[in-house]
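See structure below.
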Amino acid sequence: MRTEFLPFSPPTLGEEEIREVADALRSGWITTGPRTRLFEEAFRDRVGASDALALNSCTAGLHVALKALGVGPGDEVITTATTFVSTANVVEHLGAKPVIVDVEPDTLNIDPRAVEAAISPRTRVLLPVHFAGHPADMTALDALAAHRGLAVVEDAAHAFPARVAGRVVGSGPNLTAFSFYATKNVTTGEGGMLTGDPDLLMRARTLSLHGMSRDAWLRYAREGSWYYEVHEPGFKYNMSDIQAALGLVQLGRVEIFQERRRQVVARYDEAFQGMDALELPGRRPDVEHAWHLYVLRLRLEMLDVDRDRFIRELTERNIGTSVHFIPLHLHPYYRDRYGIEPDDLPVSYSNYLRSVSVPLHPGLADQDVEDVIEAVQDVVDRFRR
Ligand SMILES: *Cc1c(COP(=O)(O)O)cnc(C)c1O
């Protein structure tokens, strides 16, 4: 057994990140400036988007995306139960109603049939999440939105870099929000990026910095001007050049990161396939998976433990894990406000009860991966019925 605890998802940072952040600090420009612009351009080019807007979080990206689309009181936004709460919180911030629907059993992504059934005259936006880095069924969702005259905003917090339906996630006209939170595939500590339709993105850019009418960082440059106007009150969501310095280095390493993630996934697949009490993460053809998470599902009927005990047993074996996600409708706020019972969204709920995410990041050594497999095998053997 491992003697040292294996953390679930530490960031993969090196000397180059430290050097570039130090250079940003020494440059005399630490808020939004030239490094942020370079990071936006590099990210835009990597996903093949027409433009990109750097922000201080993915949550900020989702918030300004919905605001740029004019979402407000009386509107409904259809989203998935299996996500992090920020996806629905931003809808609440705008006074609109998140309509929470169930997921598909293989990928745990939003179910297009459930979306279709939930569309009402008040529906304005479909808000899918690319869970674990496996893209949602965008062919079905885009078609549904086009047919009903709805907008689509994609929560791509897990999906950089990923492809679906022949395109890179973030390269199309849908406003698409990425996260550079500490645990994500590429990190700036805290940070996010929004891509999509250029006109909407321009509106989002203004909204992300108080609603000010011009590139604020130019205000202090020689070619800039002190003058600006505010036509609607915006937010304070801009990225700093310190974050962008980190992001530029991380972006340059993303292909290496993804290669290592795929290697770890291949080894996990090989090992876990042989354990019949486990169900492996689902994947569909014609998808490039970002492999942000590796979510194992326990076949509880074959085990004498529940998921919580399974996690405790792994912790005792020094393996860090997590659970993705506590479904939205189990949080007291959403449960009570919308009166949703756990079993009203049975796929999301039943999979939550049997999900365990195991470590998946580029910093894992081969021995770490073997330690995870050995610990899982040990717990499965001990508690197999
Ligand atoms: C991490 C995450 C977010 C929020 O990202 P931040 O950058 O921390 O705001 C949103 N949605 C999902 C699905 C996430 O996992």
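Convert by adding 1 to the 1-based position in the sequence shown; the result is the number in my numbering. Using N, Cα and C, we set each Cβ at its ideal position, and we do this for glycine too. Keep in mind the model is a prediction, meaning the values are calculated, not measured.
Check whether the Cβ of residue i lies closer than 7 Å to any heavy atom of ligand 3, and answer yes or no.
{"i": "T60", "result": "By its list of ligands, the structure shown excludes ligand 3, since it contains just ligand 1."}
Going by DSSP in three states, residue i sits in which element: helix, strand or coil?
{"i": "T88", "result": "helix"}
{"i": "V306", "result": "coil"}
{"i": "R300", "result": "coil"}
{"i": "F179", "result": "strand"}
{"i": "T184", "result": "coil"}
{"i": "D379", "result": "helix"}
{"i": "T207", "result": "helix"}
{"i": "G248", "result": "helix"}
{"i": "G253", "result": "helix"}
{"i": "L331", "result": "helix"}
{"i": "Y229", "result": "coil"}
{"i": "E191", "result": "coil"}
{"i": "L1", "result": "A query on residue 1 cannot be resolved here, the shown segment of the chain reaching from 2 to 386 and no further."}
{"i": "L294", "result": "coil"}
{"i": "T316", "result": "helix"}
{"i": "P99", "result": "strand"}
{"i": "E224", "result": "coil"}
Using only alpha-carbon positions, find the residue among the options that is nearest to residue i.
{"i": "M194", "options": "P122, T37 and L281", "result": "T37"}
{"i": "A291", "options": "L346, S358 and V170", "result": "V170"}
{"i": "P74", "options": "A66, T88, V86 and E93", "result": "E93"}
{"i": "H1", "options": "L281, V187 and A376", "result": "The structure shown has nothing for residue 1, since the chain only spans 2 to 386."}
{"i": "P35", "options": "S172, N352 and Q244", "result": "Q244"}
{"i": "D372", "options": "G134, T322, R336 and A118", "result": "T322"}
Name, in chain order, the residues that DSSP records as bridge partners for residue i.
{"i": "T124", "result": "E77"}
{"i": "N239", "result": "L56"}
{"i": "T111", "result": "With the sequence shown as reference, residue 111 is identified as Ile, and Thr is not the correct amino acid for it. DSSP, once it has assigned bridges, lists V104 as partnering I111."}
{"i": "S323", "result": "S358"}
{"i": "R284", "result": "Bridge partners of R284: none, in fact."}
{"i": "V169", "result": "R164"}
{"i": "P234", "result": "None, per the DSSP bridge assignment."}
{"i": "V130", "result": "D156"}
{"i": "T83", "result": "BP columns for T83 are empty, so no partner."}
{"i": "R338", "result": "Per DSSP, none; premise fails for R338."}
{"i": "E289", "result": "R164"}
For residue i versus residue j, is the C-beta distance shorter than 8 Å?
{"i": "Y228", "j": "V266", "result": "no"}
{"i": "E21", "j": "L249", "result": "yes"}
{"i": "G283", "j": "T108", "result": "yes"}
{"i": "A246", "j": "A25", "result": "yes"}
{"i": "L301", "j": "L279", "result": "no"}
My parser needs the beta strand (DSSP E) runs of 3 or more residues fully inside the region 2-71; what are they?
Listed in chain order, they are 53-56.
Those runs of the alpha helix (DSSP H) which lie wholly inside the region 135-165 and span at least 4 residues:
Segments of the alpha helix (DSSP H) lying fully in the region 135-165: 139-149.
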